[in-house]
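Structure first, then comments.
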Amino acid sequence: MISIADLPDDILIAIFHRCTAPTEDIHFSSLDATSPSWILACVSRSWRAITITTPLLWAKIRLPLFRYLPNSHWDHNPSAAKIVARTQRLLQLTQKCTLDIVIIVRRHRALSMWNELMPIICATAPRWQRFTSDASDALFAALQVETFPYLEHLGLDVSEMYARSSAADKASKRIDCFQNAHALHSLSLNAIEDCTFVLELAIPWQNLTAYSTNMGRMLNNSLHLLSCVEELHAKLEEEEGAEDDTLTAAPDAVQVLPRLTTLDLDLSDGHTHDGALQPYVRTILRRLHAPSLTKLRLRICGFQFISKPLLLHCNLDNLLDLSIHDESPILSTDIPDFWRLTTPNVEVLHLSVGRTEVFFNAMLCQLLAFPPVPVPLPRLKVLSLHAPNLSFGSPYTIARIALQRRGALDKKLWMPLEEVRVWGESSEFGCGVTAAAVERLNKEYERQKRSLSSYEDEELAPLHIHAVQSDF
1 MISIADLPDD ILIAIFHRCT APTEDIHFSS LDATSPSWIL ACVSRSWRAI
51 TITTPLLWAK IRLPLFRYLP NSHWDHNPSA AKIVARTQRL LQLTQKCTLD
101 IVIIVRRHRA LSMWNELMPI ICATAPRWQR FTSDASDALF AALQVETFPY
151 LEHLGLDVSE MYARSSAADK ASKRIDCFQN AHALHSLSLN AIEDCTFVLE
201 LAIPWQNLTA YSTNMGRMLN NSLHLLSCVE ELHAKLEEEE GAEDDTLTAA
251 PDAVQVLPRL TTLDLDLSDG HTHDGALQPY VRTILRRLHA PSLTKLRLRI
301 CGFQFISKPL LLHCNLDNLL DLSIHDESPI LSTDIPDFWR LTTPNVEVLH
351 LSVGRTEVFF NAMLCQLLAF PPVPVPLPRL KVLSLHAPNL SFGSPYTIAR
401 IALQRRGALD KKLWMPLEEV RVWGESSEFG CGVTAAAVER LNKEYERQKR
451 SLSSYEDEEL APLHIHAVQS DF
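Just so you know, we're using UniProt numbering here: the sequence shown kicks off at 1 and counts up by one.
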């Protein structure tokens, strides 16, 4: 067994970083013996001596309390007393370093366990750097600290349990325990069920640079507070009673977000049964002006749901990075108009579809040049595509786009394409879907390139076709 003392520093740093990297798996628990930090502590005596005295290894704490309910499908569930004891031990190992804590309740029966843990978790509040939890009256009452000197990110998951709690005597609630969190620059507010009320959140809004929410009514009512936000992620879904917000914020109440550079909009569920956008969604899109926008990500269910006022209210000359995920199974006639609106300076384009590959191939064909019609996105350098979409005819079309934009099929009237990324989620990497898509695409590109006897690209760097692990 190699002693930990004999490992180079860069190897140790890489191991520790991998063990402390946050996970999006809501079932992952820092209390489990199979969590990376505990596994390191069990390698040998020398490893244990180092790991239990390295507080940063333990400072990212994930507690999915719904896992520890009696009669859940997880085996050998510990008692509430053991959960409390393990959590106390975990917090002791963090010593005095700042904390990244995520508490996931999800089930009404897990509230009693959360109430038992709350005193010891809230006692560490002055050390919080990132904190995410289900919103509850008990939590906010337990937070009696005067300030949160290190808190940079706050995440609140809002459930029907909270909306229907005894203190909910109206459609909004005031939360003022975080008003002195002056280091706060990132906020995430998400309804985990159909929850339509508005939180009255007292925080230093002027310090926020990143905001993420799926609570559309709250976003509509708080746009005027986001003047310093640089990243906005919004999932605008169907909400009961949200049409009332068109009265709260007049359609002409334009809100300019001068520092907003990244906008992530999910409109895939933001339409009514007759196919129109929800009234409150239309209100938000009319009000939102982002003159400095450089990165736009859209999830849609048909290009007809992309608001032209939204595009016109952004300075599209600054737009460099565009992502589109379309759930619609029908090719929209609005696509050419959309490409026209998003020209001329987009350099990176990410595309994926949720349905048929035939639709995906048809969407790609819109990127081909057909003189005398101006080529869409003439400055495109990077084309990023979802691996499962690359089948049937799409590799042929992608190779043709690449060759055309690198000057093989016409005069060089546009920037040459430099890179094709084939992206996949972790599961798609594991089963080889992404690698297979890259191989098909490389073969098709080389085949078409060989068939063009007059093709010359010596002046250009080779086209880089490769796989990346990412989510849209």
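Virtual Cβ for every residue (Gly too), placed ideally from N, Cα, C.
Which one or two residues does DSSP pair with residue i in a beta bridge?
{"i": "residue 186", "result": "153 and 210"}
{"i": "residue 105", "result": "In DSSP, residue 105 forms no bridge with anything."}
{"i": "residue 314", "result": "290"}
{"i": "residue 322", "result": "296 and 349"}
{"i": "residue 130", "result": "100 and 153"}
{"i": "residue 191", "result": "158"}
{"i": "residue 263", "result": "232 and 296"}
{"i": "residue 61", "result": "101"}
{"i": "residue 256", "result": "289"}
Exposed or buried, which one is residue i when buried takes at least 16 other CB atoms within 10 Å?
{"i": "residue 473", "result": "Outside the shown range of the chain, which is 1 to 472, sits residue 473, and nothing can be said about it."}
{"i": "residue 8", "result": "exposed"}
{"i": "residue 24", "result": "exposed"}
{"i": "residue 282", "result": "buried"}
{"i": "residue 79", "result": "exposed"}
{"i": "residue 453", "result": "exposed"}
{"i": "residue 443", "result": "exposed"}
{"i": "residue 474", "result": "Any property of residue 474 remains undetermined from this structure, which presents the chain solely from 1 to 472."}
{"i": "residue 469", "result": "exposed"}
{"i": "residue 10", "result": "exposed"}
{"i": "residue 133", "result": "buried"}
{"i": "residue 157", "result": "buried"}
{"i": "residue 42", "result": "exposed"}
{"i": "residue 185", "result": "buried"}
{"i": "residue 313", "result": "buried"}
{"i": "residue 237", "result": "buried"}
Between residue i and the rest of its own chain, which residues show a CB-CB distance below 8 Å, the 5 nearest in sequence each way excluded?
{"i": "residue 32", "result": "38"}
{"i": "residue 97", "result": "55, 56, 59 and 127"}
{"i": "residue 118", "result": "138, 139 and 142"}
{"i": "residue 181", "result": "147, 148, 151, 154, 203 and 204"}
{"i": "residue 317", "result": "344 and 345"}
{"i": "residue 441", "result": "390, 395, 398, 399, 420, 422 and 465"}
{"i": "residue 229", "result": "208, 209, 210, 211, 257, 259 and 260"}
{"i": "residue 439", "result": "none"}
How far does the alpha helix (DSSP H) with residue i in it reach, from first residue to last?
{"i": "residue 424", "result": "It is not in any alpha helix (DSSP H) - residue 424 instead sits in the beta strand (DSSP E) that spans 419-424."}
{"i": "residue 137", "result": "137-142"}
{"i": "residue 45", "result": "45-51"}
{"i": "residue 179", "result": "Run containing residue 179: none; DSSP gives neither H nor E here."}
{"i": "residue 84", "result": "80-93"}
{"i": "residue 119", "result": "111-122"}
{"i": "residue 147", "result": "No alpha helix (DSSP H) contains residue 147, which DSSP labels as neither H nor E."}
{"i": "residue 461", "result": "Counting along the chain, residue 461 falls outside any alpha helix (DSSP H), and DSSP gives it neither H nor E."}
{"i": "residue 441", "result": "433-451"}
{"i": "residue 220", "result": "216-222"}
{"i": "residue 359", "result": "357-365"}
{"i": "residue 33", "result": "From DSSP, residue 33 is part of no alpha helix (DSSP H); its letter is neither H nor E."}
{"i": "residue 396", "result": "394-405"}
Quick check on the DSSP output: the beta strand (DSSP E) that includes residue i runs from which residue to which?
{"i": "residue 353", "result": "348-353"}
{"i": "residue 234", "result": "231-235"}
{"i": "residue 200", "result": "198-201"}
{"i": "residue 469", "result": "464-469"}
{"i": "residue 384", "result": "382-386"}
For residue i, which residues in the same chain have their Cβ closer than 6 Å to its Cβ, ignoring the five residues on either side in sequence?
{"i": "residue 104", "result": "26 and 64"}
{"i": "residue 101", "result": "61 and 131"}
{"i": "residue 350", "result": "323 and 384"}
{"i": "residue 173", "result": "199"}
{"i": "residue 321", "result": "295 and 348"}
{"i": "residue 421", "result": "384 and 468"}
{"i": "residue 354", "result": "327"}
{"i": "residue 245", "result": "For residue 245, the predicted structure reports a pLDDT of 49, less than 50, and the residue's modelled location is therefore unreliable. The matter cannot be settled from this model."}
Assuming the contact rule is C-beta atoms closer than 8 Å, residue i and residue j should be a hit. Round their C-beta distance to whole Å, please.
{"i": "residue 376", "j": "residue 339", "result": "4 Å"}
{"i": "residue 268", "j": "residue 299", "result": "5 Å"}
{"i": "residue 380", "j": "residue 347", "result": "6 Å"}
{"i": "residue 257", "j": "residue 294", "result": "That pair is no contact at about 13 Å."}
{"i": "residue 187", "j": "residue 208", "result": "6 Å"}
{"i": "residue 337", "j": "residue 302", "result": "Residue 337 to residue 302, Cβ: 13 Å. No contact."}
{"i": "residue 91", "j": "residue 52", "result": "Not confirmed; about 13 Å, so no contact."}
{"i": "residue 433", "j": "residue 387", "result": "5 Å"}
{"i": "residue 110", "j": "residue 66", "result": "5 Å"}
{"i": "residue 403", "j": "residue 448", "result": "6 Å"}
{"i": "residue 315", "j": "residue 352", "result": "26 Å between Cβ atoms; not a contact."}
{"i": "residue 289", "j": "residue 255", "result": "7 Å"}
Whose C-beta lies closer than 7 Å to the C-beta of residue i among residues of the same chain, with five residues either side of it excluded?
{"i": "residue 394", "result": "357, 360, 361 and 364"}
{"i": "residue 125", "result": "143, 145 and 148"}
{"i": "residue 113", "result": "65, 68, 80 and 83"}
{"i": "residue 115", "result": "138"}
{"i": "residue 176", "result": "202"}
{"i": "residue 135", "result": "156, 157, 158 and 162"}
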